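In our numbering, the protein residues as written are 602 to 903.
Put into structure tokens, the structure is as follows:
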């Protein structure tokens with residue numbers, strides 16, 4: 602299960618990055634008993650956060666059944682929302698579906714989608730079932746626990762660019778419902794690249810303004826391993842730049858083929874990459890480094 606969490610506006614991976622970077626988020630509790638929203642709010646503490654999110658598949662059905670949801674539908678989205686904390690931001694759901702459909706249309710154009718389905722996945726025509734709880738909280742997080750299910754615990758005051766976060770999750774769904782998944786380097790790279798680059802982004806800044814040392818970027822064959830990816834600083838940005846490198850050089854077609862031949866936990870990802878691109882990751886490495894060192898102006902949002 603891939604989980605993105607926003608704490609004070611910073612996006613972290615709750616299972617991997619938090620564990621690697623901050624000991625206060627270690628799993629210190631064996632079990633979490635969540636039977637409703639108040640239990641969830643009480644459980645979302647630094648010492649128990651990892652346990653709460655890891656156990657989501659067990660407590661989410663109970664939470665969903667315990668709340669009286671407002672439901673709206675569009676051709677792409679089934680929006681179920683619940684307002685726990687009422688304030689001047691309650692109107693965010695009025696245009697949510699229209700804005701979401703516009704984002705998904707942007708993504709479909711951006712990805713140059715074809716109607717192909719990965720074996721065993723639901724039809725591409727299926728809608729995304731969204732459960733959004735509007736709260737007042739120190740923790741804002743979203744996750745796709747299932748290919749066609751999005752859960753979002755949202756404080757729009759803490760995370761005012763929340764629709765950018767939804768664009769990221771919609772990118773996972775829009776691309777993944779047709780092509781499936783691949784290891785984190787590609788899975789998060791595609792979603793982050795699309796989050797930043799699809800549609801019109803008024804908050805764009807230039808690639809030159811992104812601050813990380815090129816010598817701190819691990820080799821591709823290391824980043825292709827999920828554990829190594831989540832230990833890497835700036836992993837979201839690096840993965841998005843890697844996707845831009847691949848798409849700029851070879852187009853979308855081989856990347857889609859890679860997804861179709863791979864999965865999130867793919868132990869043979871390096872061989873699959875070689876089969877699709879005709880080059881090993883080691884052979885691609887010099888061109889990738891040249892791309893990074895060129896400092897070309899790639900628009901990216903903050």
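Glycine residues also receive a C-beta, built at the ideal position from the N, C-alpha and C atoms.
Quick caveat, the model's predicted, so the values are computed rather than measured.
Cβ neighbour criterion (16 or more within 10 Å) applied to residue i
i           : result
residue 674 : exposed
residue 641 : buried
residue 850 : exposed
residue 639 : exposed
residue 838 : buried
residue 760 : buried
residue 777 : buried
residue 648 : exposed
residue 793 : buried
residue 836 : buried
residue 817 : exposed
residue 821 : buried
residue 854 : exposed
residue 688 : exposed
residue 789 : buried
residue 796 : buried
residue 880 : exposed
residue 828 : exposed
CA nearest to the CA of residue i, picked from the options
i           : options            : result
residue 664 : 796, 686, 733      : 733
residue 650 : 741, 863, 843, 682 : 741
residue 680 : 690, 687, 731      : 731
residue 712 : 691, 728, 684, 798 : 798
residue 783 : 766, 836, 862, 750 : 862
residue 669 : 660, 684, 857, 655 : 684
residue 748 : 884, 771, 714, 661 : 771
residue 775 : 822, 762, 791, 763 : 791
residue 923 : 688, 710, 637, 889 : With the chain running from 602 to 903 in the structure shown, residue 923 is simply not present.
residue 886 : 768, 819, 682      : 819
Those residues which DSSP pairs with residue i across a bridge
i           : result
residue 671 : 682
residue 731 : 680, 751
Residue i and residue j closer than 8 Å at C-beta
i           : j           : result
residue 825 : residue 870 : yes
residue 738 : residue 754 : yes
residue 676 : residue 696 : no
residue 815 : residue 893 : yes
residue 586 : residue 781 : Outside the displayed range of the chain (602 to 903) lies residue 586, so it cannot be described from this structure.
residue 758 : residue 671 : no
residue 744 : residue 882 : no
residue 652 : residue 635 : no
residue 873 : residue 867 : yes
residue 729 : residue 751 : yes
residue 659 : residue 637 : no
residue 736 : residue 773 : no
residue 661 : residue 700 : no
*Counting Cβ pairs closer than 8 Å, one from the segment 829-848 and one from the segment 700-719, do we hit at least three?*
no
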